[in-house]
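Number 274 marks the last residue of the sequence shown (my numbering); no jumps.
Notes for the one structure printed next.
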Amino acid sequence: MSNWESFSEILEHYIPQDYLHLINNVEGILEKEKNLIFIPKGKILVVGDLHRDLTTLYKIITKFFQENFDYLLFLGDYVDRGAKQVEVVSYLFFYKAKFPNRIILIRGNHEDPFINQVYGFFDELRLKFKINYREMFKRYNGAFSKLPLAALTWNRIFCVHGGVPEGLEDINSINSLPTVQKCIKNPITKQLLWNDPHARIKKFRGNNRGPGTMHFGKEAFEDFISQNSIKYIIRSHEKFRNGFKTFFDDKLISIFSSKSYSKHGSAVVGVIQKSGKVEVMPI
Ligand SMILES: [Mn+2]
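Structural data, given as structure tokens:
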């Protein structure tokens, strides 16, 4: 059952109050979710960075319904870097409001006003809403600030936008990190959303993405997964040649689901089967 076409028509007639109503609904749902959200047993479709790629999002939603997935997990970075950002967020919020337990949205480093004021979202809101744009910017970022920071599946697959943070031993302590942070300031939260894997380092090293961001190596990764009995980590945040790359004996899978960056870009999704098997496939 896909409401894709019907929602396209509805969205064409949206007025600012309708957008605010949708934001309110989703905020109410997000307020009840934990920072580390648990996904029960089922077939899960995992999506990496979207960055306003509405065409790929359409394919993802179609796949989710046609292939009878139980859960649809998005790893963040919904906005910035081009047009159709409001549309992408509206679709995500529409489905989140409709299927709150099956659609899971976690936070990326672009779901932060400090970043999305500069990389495109603020400008798109200004063009689209003309007078109410400052209010819309505040309200969208208010909802983004309530997004969970990571997800853990029934079979111990840890899903996060960035990666392993230095200074976090027990993943359950993610639930005690401050919630409703408008700008991402907490050092652990920042690293969860910003860190990148690195094949040639052991533990942690500074990352040129900016202050407080790190690269994590194989030892850091293995300590983290063994302490928390994690089988795999699925993350996003970086674009690779074929849309994905694996690290650390294929136990870390990095996926990217946006074709916004180039005409010939590859986008992939991750699939976690009910058997526990993990696959990456083009979308
Ligand atoms: Mn990112």
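Even glycine gets a Cβ: it sits at the ideal position worked out from N, Cα and C.
The structure presented is a predicted model; accordingly, all values stated were derived computationally and were not measured.
Proximity below 8 Å, CB of residue i to CB of residue j
{"i": "Asp44", "j": "Lys250", "result": "yes"}
{"i": "His42", "j": "Asp68", "result": "yes"}
{"i": "Val259", "j": "Ser248", "result": "yes"}
{"i": "Ile274", "j": "Lys54", "result": "yes"}
{"i": "Ile51", "j": "Cys150", "result": "no"}
{"i": "Glu102", "j": "Phe135", "result": "yes"}
{"i": "Asn146", "j": "Gly234", "result": "no"}
{"i": "Lys194", "j": "Gly203", "result": "no"}
{"i": "Leu184", "j": "Asn100", "result": "yes"}
{"i": "Leu13", "j": "Ser227", "result": "no"}
{"i": "Ala142", "j": "Ile97", "result": "yes"}
{"i": "Gly133", "j": "Asp71", "result": "no"}
{"i": "Gly154", "j": "Pro188", "result": "yes"}
{"i": "Val271", "j": "Ile148", "result": "no"}
Which of helix, strand or coil DSSP assigns to residue i
{"i": "Lys236", "result": "strand"}
{"i": "Arg125", "result": "helix"}
{"i": "Val17", "result": "helix"}
{"i": "Ser245", "result": "strand"}
{"i": "Ile97", "result": "coil"}
{"i": "Asp187", "result": "strand"}
{"i": "Ile1", "result": "helix"}
{"i": "Ser266", "result": "coil"}
{"i": "Phe60", "result": "coil"}
{"i": "Glu229", "result": "coil"}
Residue i CB to nearest heavy atom of ligand 1 below 7 Å
{"i": "Asp71", "result": "no"}
{"i": "Gly99", "result": "yes"}
{"i": "His228", "result": "yes"}
{"i": "His286", "result": "The question about residue 286 has no answer here: the residues shown for the chain are numbered -8 through 274."}
{"i": "Ile68", "result": "Reading off the sequence, residue 68 comes out as Asp, not Ile. It does: the Cβ of Asp68 is within 7 Å (strictly closer) of some heavy atom of ligand 1."}
{"i": "Asp103", "result": "no"}
{"i": "His4", "result": "no"}
{"i": "Thr40", "result": "Inspection of the sequence shows that residue 40 is occupied by Asp rather than by Thr. Asp40 Cβ: within cutoff of ligand 1."}
{"i": "His189", "result": "no"}
{"i": "His152", "result": "yes"}
Closer than 8 Å to chain B by CB, residue i
{"i": "Ile192", "result": "Absent from the structure is chain B; it holds one protein chain and no more."}
Residues that residue i bridges to, as DSSP identifies them
{"i": "Ile30", "result": "Thr144"}
{"i": "Val38", "result": "Phe65, Val260"}
{"i": "Tyr223", "result": "Ile148"}
{"i": "His12", "result": "DSSP output for His12 lists no bridge partner at all."}
{"i": "Val271", "result": "Gly261"}
{"i": "Phe207", "result": "Pro188, Phe195"}
With a threshold of 8 Å, are at least 3 pairs of Cβ atoms found where one atom belongs to the region 85 to 93 and the other to the region 126 to 138? no
When you compare the region 11 to 29 with the region 204 to 222, are there three or more beta-carbon pairs, one atom per stretch, that lie closer than 8 Å? no
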